[in-house]
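Going by this note's numbering, the sequence shown opens with residue 27, and the numbers climb by one from there. All remarks here apply to the structure that follows.
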Amino acid sequence: MFNHLFTTKAVGKGTGLGLSIARQIVEDKHDGKLSCYSQLGKGTEFVIEIPIGIWRCINAG
Numbered sequence: 027m028f029n030h031l032f033t034t035k036a037v038g039k040g041t042g043l044g045l046s047i048a049r050q051i052v053e054d055k056h057d058g059k060l061s062c063y064s065q066l067g068k069g070t071e072f073v074i075e076i077p078i079g080i081w082r083c084i085n086a087g
């Protein structure tokens, strides 16, 4: 699902790049994590975790 060009849409509808680009931004640019949890008939949840960094914690105190 996070692979380039993955899509469940019909040909010509969408590019299949959205989740791949989102994952690249979160993981490569922000050293974070993008997770997906899904239950059939209940829904899907995407979780984005981005580390705050120790310098922000020190400066906030």
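The beta-carbon is built from N, C-alpha and C at its ideal position, and this holds for glycine as well.
- Item | Collapsed DSSP secondary structure at residue 79 in the structure displayed | coil
- With DSSP as the reference, please indicate the residues paired to residue 71 in a beta bridge. 63
- Item | Inter-residue spacing [alpha-carbon to alpha-carbon] between residue 56 and residue 72 | 17 Å
- Item | Residues near residue 67 in its chain [Cβ-Cβ closer than 6 Å; skip 5 each side] | none
- Rounded to a whole number of angstroms, what is the C-alpha to C-alpha distance between residue 52 and residue 65? 23 Å
- Query: Residues in its own chain within less than 6 Å of residue 70 by CB, not counting five upstream and five downstream?
  - Reply: 64
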